[in-house]
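A.B. asks: Position 13 (the sequence shown) corresponds to 13 in the UniProt record's numbering; numbering is contiguous. The beta carbon of each residue, even a glycine, is placed where N, CA and C say it ideally should be.
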Amino acid sequence: ISYGASSYDLSDKWLHPSFLRTVPTNQDIIMVIIKLIQQFEWNWVAFISSDDSYSQNGLKLFRSNIKATSICLAFSYEITLNSNFTDVLKRIESLSINVIVVFTEEGTARALVKTAVKINIRDKVWIAGDAWSMDAELSTWPGIGQIGTIFGITAATQNLPEFDEFVYETRLRDENDACVNCEGIAKCSQVCDDCMRENAENIIDENPTYSFFIQAAVYTFAYALHHMLNCSMTRCNPAQDIPPYVLLKEMKTLNFLLLGRTVKYDRNGDSPVFYDVVFWRLDAQHAVFERIGTYNTYPQLTFTINNSLIGWDRVASVPFANCSAECPVGFIRQMDQNHACCFQCKMCEINTYVNYT
1 ISYGASSYDL SDKWLHPSFL RTVPTNQDII MVIIKLIQQF EWNWVAFISS DDSYSQNGLK
61 LFRSNIKATS ICLAFSYEIT LNSNFTDVLK RIESLSINVI VVFTEEGTAR ALVKTAVKIN
121 IRDKVWIAGD AWSMDAELST WPGIGQIGTI FGITAATQNL PEFDEFVYET RLRDENDACV
181 NCEGIAKCSQ VCDDCMRENA ENIIDENPTY SFFIQAAVYT FAYALHHMLN CSMTRCNPAQ
241 DIPPYVLLKE MKTLNFLLLG RTVKYDRNGD SPVFYDVVFW RLDAQHAVFE RIGTYNTYPQ
301 LTFTINNSLI GWDRVASVPF ANCSAECPVG FIRQMDQNHA CCFQCKMCEI NTYVNYT
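1. Nearest by alpha-carbon distance to N43: which of C348, H339, S6 and A224 is it?
2. Please report the distance separating the alpha-carbon of A82 from that of E137.
3. Tell me which same chain residues have a C-beta within less than 7 Å of the C-beta of N306, skipping the five on either side of it?
4. For V121, tell me which candidate among S139, G129, A128 and S96 has the shortest Cα-Cα distance.
5. Residue ranges of each alpha helix (DSSP H) run of no fewer than 4 residues wholly in the stretch 212 to 249, ordered along the chain?
6. With a cut-off of 8 Å on the beta carbons, I'd call I127 and V101 a contact; round off their distance for me.
7. Could you check the C-alpha separation between F75 and S232 for me, to the nearest Å?
8. Tell me which same chain residues have a C-beta within less than 8 Å of the C-beta of S11, skipping the five on either side of it?
9. In this structure, how does DSSP classify A128 when only helix, strand and coil are distinguished?
10. Do residue 360 and S139 have their C-beta atoms closer together than 8 Å?
11. Rounded to the nearest angstrom, how far is the Cβ of S6 from that of V23, given a contact under 8 Å?
12. To which residues does DSSP link C345 through a beta bridge?
13. Near I66, what residues of its chain come up, given a Cβ to Cβ distance below 7 Å and the 5 sequence neighbours on each side ignored?
14. Suppose the cutoff is 7 Å on Cβ atoms and the five residues either side in sequence are ignored; what does the same chain contact list for E290 look like?
15. By DSSP, does F62 sit in helix, in strand, or in coil?
16. Please report how far the alpha carbon of E105 lies from the alpha carbon of S55, in whole angstroms.
17. Express the C-alpha separation of H16 and F166 in angstroms, rounding to a whole number.
18. Taking the straight line between their C-alpha atoms, what separation do you get for V263 and N296?
19. Residue range of the beta strand (DSSP E) that A46 falls in?
20. If you draw a straight line from the C-alpha of I37 to the C-alpha of M347, how long is it?
21. Give the secondary structure of E93 by DSSP, where H, G and I count as helix, E and B as strand, and everything else as coil.
22. So what does DSSP say about S2, is it helix, strand or coil?
23. When you compare each of L301, N255, I79 and P244 to Y219 by their alpha carbons, which one comes out closest?
24. Beta-carbon within less than 7 Å of L248's beta-carbon, same chain only, minus the 5 sequence neighbours each way: which residues are those?
25. Spell out whether any CB of chain D is found under 8 Å from the CB atom of I204.
26. Below 8 Å between beta carbons: does that hold for W53 and I79?
27. Along the beta strand (DSSP E) that carries I350, what are the first and last residues, could you check?
28. Kindly identify the DSSP beta-bridge partner or partners of F166.
29. Determine which residues share a DSSP beta bridge with F19 and list them.
30. Once you ignore the five residues that flank Q300 on each side, which residues in its own chain have a CB closer than 8 Å to its CB?
31. Does N181 pass the burial test, meaning 16 or more other C-beta atoms within 10 Å, or should it be called exposed?
32. Beta strand (DSSP E) containing A155: first to last residue?
33. In three-state DSSP terms, what is T79?
34. Classify T304 as buried or exposed, calling it buried when 16 or more other Cβ atoms lie within 10 Å of its own Cβ.
35. Please report the straight-line C-alpha distance between A222 and L257, rounded to a whole angstrom.
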């Protein structure tokens, strides 16, 4: 059971019959990105990917899913840390593209966005994939506020009840418990050398995106074993051999609530999807990731955006991000042969009228 592998290819049960996951697929996040673009009626966008299967699969899914929409992919490019980011950004500028989807891993996204700050790219709309949707380093980078409006698509976070108290209690116990330094250390269940190098506040403030998915994966195994061993709240039947395929079958049938959220698996081993759309509010002393929308697939598909929470960069309304502006009265569209989103405005001929029906 994976809490982090979101490649859509893993949903293929012919290739991965015993794979389950608690994290959404990149098919899901691509659908959120498309919904967000449609929400503001943009149609002229760039898609930046990186040289990994997750990102490349995302570009493939984006191309496929926009075919049934009015969105045009004006520019796509695969970047690495060695790419000439300045050339890529200037190419986007030359095509008058104002919406940029950056669907790359975190390090590459940082390099691209920092270059945008350096060369004074302004007034763009940036849509961040989940790898950097709430990047603390980028959000406080000097000048980040000048590049435009930034949206992040992130799996809906869920705070773990009593986690703070658990961390403080565990650290205190490690400091005072002789078990930490004794030969019987294997019996200690909460000893973590890496954790001890961090103070409690750093652990508590760590990005919580995957916390729920990790807990859901552990609970899936626990519930399945609980059922198969006929456990009560205090004891289980004597240990017995459980073949892996039997355990897998049991896990696929589970349907339980965890922290108010449903955990279950469909025939592809995928879980219900809960995404947040966050707005990077950069006008305060400290950057704030503010949830301005949601995308859920359970119990039914819903997508909501609260426009009133968005502070567009240097403009009071939704920025223009289309290939062509609407024609004024007395003109008709003359469509471009290369892009369905593009057209020129041609004056209506004498004795003709525009049929708006």
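C.D. replies: Concretely, from the data shown:
1. When only C-alpha atoms are compared, the closest one is H339.
2. In the sequence as displayed, the identity of residue 82 is Asn instead of Ala. Looking at the two C-alpha atoms, the distance is approximately 20 Å.
3. Taken in chain order, the residues that qualify are I292 and G293.
4. Reading off the sequence shown, one finds Ile at residue 121, where the question assumed Val. Of the listed residues, the one whose Cα sits closest to I121 is S96.
5. Runs found: none.
6. Yes, I127 and V101 are in contact; Cβ-Cβ is about 5 Å, under 8 Å.
7. Spanning the alpha carbons of F75 and S232 requires a straight line of approximately 58 Å.
8. In its chain, beyond the 5 residues on either side, T25, Q27, N268, G269 and D270 have a beta carbon closer than 8 Å to the beta carbon of S11.
9. In this structure, A128 counts as strand in the three-state DSSP scheme.
10. It is not possible to answer for residue 360, since the shown part of the chain is limited to 1 through 357.
11. A Cβ-Cβ separation of about 5 Å places S6 in contact with V23 under the 8 Å criterion.
12. DSSP output for C345 lists R333 as bridge partner(s).
13. If we look at I66 and ignore the five residues flanking it on each side, its Cβ neighbours are I34 and L73.
14. Hits under 7 Å: V278, F279, R281 and L309.
15. In the three-state scheme derived from DSSP, where H, G and I count as helix and E and B as strand, F62 is classed as helix.
16. Near 8 Å, if we compare the C-alpha coordinates of S55 and E105.
17. Rounded to whole angstroms, F166 to H16 spans 36 Å at the Cα level.
18. Between the C-alpha atoms of V263 and N296 there is a straight-line separation of about 13 Å.
19. Looking at the DSSP string, the run of the beta strand (DSSP E) that includes A46 is W44 to S50.
20. Spanning the two alpha carbons is a distance of roughly 30 Å.
21. It is helical.
22. Under the three-state reduction of DSSP output, S2 falls in the strand class.
23. With distances taken between Cα atoms, Y219 lies closest to N255.
24. Short of 7 Å from the beta carbon of L248, and not among the five residues preceding or following it, lie these beta carbons of its own chain, in chain order: S18.
25. The question asks about chain D, but that chain is absent: this structure has only one protein chain.
26. The question names Trp, but residue 53 in the sequence shown is Ser. Contact: no.
27. No beta strand (DSSP E) holds I350; DSSP gives it neither H nor E.
28. DSSP lists no partner for F166.
29. According to DSSP, F19 bridges with nothing at all.
30. Here the set comprises nothing.
31. Note on N181: pLDDT 48, under 50, position unreliable in the model; the coordinate value appears next. That one is exposed.
32. G148 to A155 is the span of the beta strand (DSSP E), which, as asked, contains A155.
33. The amino acid occupying residue 79 in the given sequence is Ile; Thr does not appear at that position. In the structure shown, the three-state DSSP call for I79 is strand.
34. Per the 10 Å Cβ criterion, exposed.
35. The alpha-carbon atoms of A222 and L257 are separated by roughly 13 Å.
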